[in-house]
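**Q** Reading the sequence shown from the start, the letters are residues 211 to 461 in this note's numbering. Backbone N, C-alpha and C fix where the C-beta goes; we use that ideal spot for every residue, glycine too.
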Amino acid sequence: MTLNPTVLTVLPNDLDVQRLPQHVAVIMDGNGRWAQRQGLPRFMGHRRGVDTLKELLRCCKDWGIGALTAYAFSTENWGRPLAEVEFLMTLFERVLRRELQEMIDEGVQIHFVGDLQALPNSLQEEIERAMVATQHNQKIKFVVATNYGGRREILQACRAIAQKVSQGKLTSDEIDEEIFEQHLYTAGISHPDLFIRTSGEMRVSNFLLWQVAYAELYVTNILWPDFDRTEFHRALHDYQNRHRRFGKVEG
Ligand code: FPP
Numbered sequence: 211m212t213l214n215p216t217v218l219t220v221l222p223n224d225l226d227v228q229r230l231p232q233h234v235a236v237i238m239d240g241n242g243r244w245a246q247r248q249g250l251p252r253f254m255g256h257r258r259g260v261d262t263l264k265e266l267l268r269c270c271k272d273w274g275i276g277a278l279t280a281y282a283f284s285t286e287n288w289g290r291p292l293a294e295v296e297f298l299m300t301l302f303e304r305v306l307r308r309e310l311q312e313m314i315d316e317g318v319q320i321h322f323v324g325d326l327q328a329l330p331n332s333l334q335e336e337i338e339r340a341m342v343a344t345q346h347n348q349k350i351k352f353v354v355a356t357n358y359g360g361r362r363e364i365l366q367a368c369r370a371i372a373q374k375v376s377q378g379k380l381t382s383d384e385i386d387e388e389i390f391e392q393h394l395y396t397a398g399i400s401h402p403d404l405f406i407r408t409s410g411e412m413r414v415s416n417f418l419l420w421q422v423a424y425a426e427l428y429v430t431n432i433l434w435p436d437f438d439r440t441e442f443h444r445a446l447h448d449y450q451n452r453h454r455r456f457g458k459v460e461g
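1) Please indicate yes or no: does the CB of LEU446 lie closer than 7 Å to some heavy atom of the ligand FPP?
2) Which residue from PHE442, ASN347, LEU394 and GLU388 puts its Cα closest to that of ARG369?
3) Once the 5 residues before and after LYS349 are set aside, which same chain residues still bring their CB inside 6 Å of it?
4) Under the criterion of a Cβ to heavy atom distance below 7 Å, does LEU263 qualify as lining the ligand FPP?
5) Does the beta carbon of ASP325 fall short of 7 Å from some heavy atom of the ligand FPP?
6) Taking 7 Å as the cut-off, is the beta-carbon of HIS401 closer than that to any non-hydrogen atom of the ligand HEM?
7) Return yes when the Cβ of PRO402 is within less than 8 Å of the Cβ of VAL234, no when it is not.
8) If PHE297 and HIS256 are in contact, beta carbons under 8 Å, what's the gap, nearest whole angstrom?
9) Does at least one heavy atom of the ligand FPP sit under 7 Å from the Cβ of ARG407?
10) I'd like to check one pair, LEU419 with ARG339: are the Cβ atoms closer than 8 Å?
11) Consult DSSP for HIS447 and reduce its assignment to one of helix, strand or coil.
12) Does the beta-carbon distance from LEU306 to GLU336 come in below 8 Å?
13) Taking the beta strand (DSSP E) that GLU426 falls in, what are its first and last residues?
14) Thinking C-beta only, is GLY398 closer than 8 Å to ALA355?
15) Take the Cβ of TRP244 as the centre, count every other Cβ of all protein chains shown within 10 Å, and call the residue buried at 16 or more, exposed below.
16) If you draw a straight line from the C-alpha of THR285 to the C-alpha of GLN392, how long is it?
17) For ASP383, is the classification buried or exposed, using 16 other Cβ atoms within 10 angstroms of its Cβ as the cut-off for buried?
18) Who are the Cβ neighbours of LEU310 in its own chain at under 6 Å, not counting the five residues just before and after it?
19) Does any heavy atom of the ligand FPP sit closer than 7 Å to the C-beta of ALA282?
20) Provide the residue(s) that pair with GLN319 in DSSP beta bridges, ordered along the chain.
21) Nearest-angstrom Cα distance between GLU332 and VAL260?
22) With DSSP run on the structure shown, which of helix, strand or coil describes LEU213?
23) Please identify the residue among GLU294, TYR449 and ALA367 whose C-alpha is closest to the C-alpha of PRO251.
24) Who are the near neighbours of MET412 in its chain, counting only those whose CB is closer than 8 Å to its CB and skipping five residues on each side?
25) Along the chain, where does the beta strand (DSSP E) containing LYS406 start, and where does it finish?
26) Between LEU221 and LEU263, what straight-line distance do the alpha-carbon atoms span, to the nearest angstrom?
27) State the beta-bridge partners of LEU278 as determined by DSSP.
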């Protein structure tokens with residue numbers, strides 16, 4: 211499937227606009243390997259990864275997809291070499307500062323999900339600024355998972371609910387899926403329909419454990435910095451050939 215990139219500014223005509231995923235989640239894997247293959251230091255892969263993410267966000271917006279969630283930093287990523295962790299924290303902060311005005315202009319509503327209090331203070335301030343400045347935007351939701359762990363998210367929801375029960379604000383019988391979801395970091399954000407992982411790894415890696423219950427999984431060997439509109443088109447094409455049954459039998 212080779213396509214002229216200029217054609218891809220509008221939804222390719224072999225995709226059905228009625229059956230697009232409304233929310234796409236991505237694990238942006240392979241930045242380090244991409245850089246190493248070019249003989250570059252790992253951090254260059256992360257830099258290129260930002261360009262790829264920016265382009266995917268614009269593509270989702272152009273093609274009418276309502277939400278994009280990206281896994282930028284997991285609770286396990288603190289175990290990377292200190293220099294890489296520091297580089298990533300500085301990168302997030304710089305990118306937010308640099309891109310904020312454009313995101314405001316383009317109607318992007320930014321959310322950050324994760325244990326944000328453990329992030330450097332200066333980054334927390336940029337995050338707060340970006341979320342407040344874009345809160346009324348309507349074109350697309352852009353959710354950045356930073357210091358995010360699915361297990362940690364579920365645990366903190368359990369703790370918050372248990373606290374409400376012990377304070378008499380909620381009874382245990384009242385706890386259902388809806389109440390539970392209201393206590394997740396992603397409260398108010400729809401579940402992903404399509405879950406993409408690059409670089410060929412067949413793992414969920416603690417990402418959106420509750421929310422991906424019925425997402426369609428798409429794994430590609432392409433490394434994240436090379437995941438362009440043509441590759442996204444391929445993923446959407448694959449998605450539209452699936453039959454989503456949500457555990458039911460097709461009638
Ligand atoms: C995984 O590749 C990538 C990351 C842990 C970082 C991804 C972050 C970005 C692309 C920046 C996003 C920026 C903003 C502001 C949202 P890897 O390092 O695990 O690659 P490898 O598996 O080849 O080593």
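**A** Quick answer:
1) no
2) LEU394
3) LYS271 and GLY317
4) yes
5) no
6) Ligands present in the displayed structure are limited to the ligand FPP, and the ligand HEM is not among them.
7) yes
8) 7 Å
9) no
10) no
11) helix
12) yes
13) 426–429
14) no
15) buried
16) 21 Å
17) exposed
18) ALA340
19) yes
20) LYS351
21) The question names Glu, but residue 332 is Ser in the sequence shown. For SER332 and VAL260, the distance between alpha carbons rounds to 20 Å.
22) Below a pLDDT of 50, predicted positions are generally treated as unreliable, and LEU213, at 46, falls in that range; the measurement from the model is reported next regardless. Correct three-state label for LEU213: coil.
23) GLU294
24) VAL429
25) Looking at the sequence shown, residue 406 is not Lys but Ile. Residues 404–407.
26) 18 Å
27) VAL234 and PHE352
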